[in-house]
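Here is the structure we will look at.
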Amino acid sequence: MQRARRIAVTSPQTRLAHARGRVRGRWRMPRLEPKDAERAAALHRAQRVQGLVALALTSALLFGLPLAFALWPELDRVRLLGIPLSWLLLAAAPYPAMALLAAWQLRRAERLERR
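Read in order, the letters of the sequence shown are residues 45 to 159 in the numbering used here.
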């Protein structure tokens, strides 16, 4: 009995990439002018600080909700449509809050880049 011949199936993009060949030589990071490098470093520092603020707020939201429920157990007694309010807040509140926080962070980062 003969074995079936194996055939490699690739996408058209893969075939195109192989047909183009590889770039000769080593890719090097472009060098910035000293003034541009200084501005890029300052922008990186400012965006990093803003990112850490957004991370701290996200962490406060995610860890703060369970902490709030532990400190105020009466939230379990409040019911909305028969479901404890604490469960509803834990299941529904973080996602829109994180989406708003992400949009806020994006606007702040883009504002820094435009300066």
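Note that beta-carbon positions come from the ideal geometry of N, C-alpha and C, so glycine has one too.
- Just measuring C-alpha positions, the residue of A90, R75, L129 sitting nearest R155 is A90.
- Per DSSP, D120 lies in no alpha helix (DSSP H) and is assigned neither H nor E.
- Between the C-alpha atoms of Q149 and R159 there is a straight-line separation of about 16 Å.
- Setting aside the 5 residues that flank it on each side, L109 is surrounded in the same chain by L134, each with a C-beta closer than 6 Å to its C-beta; the list follows chain order.
- Contact between the stretch 139–149 and the stretch 90–102 is present: three or more C-beta pairs spanning the two stretches fall below 8 Å.
- DSSP, read as helix, strand or coil, puts P74 in coil.
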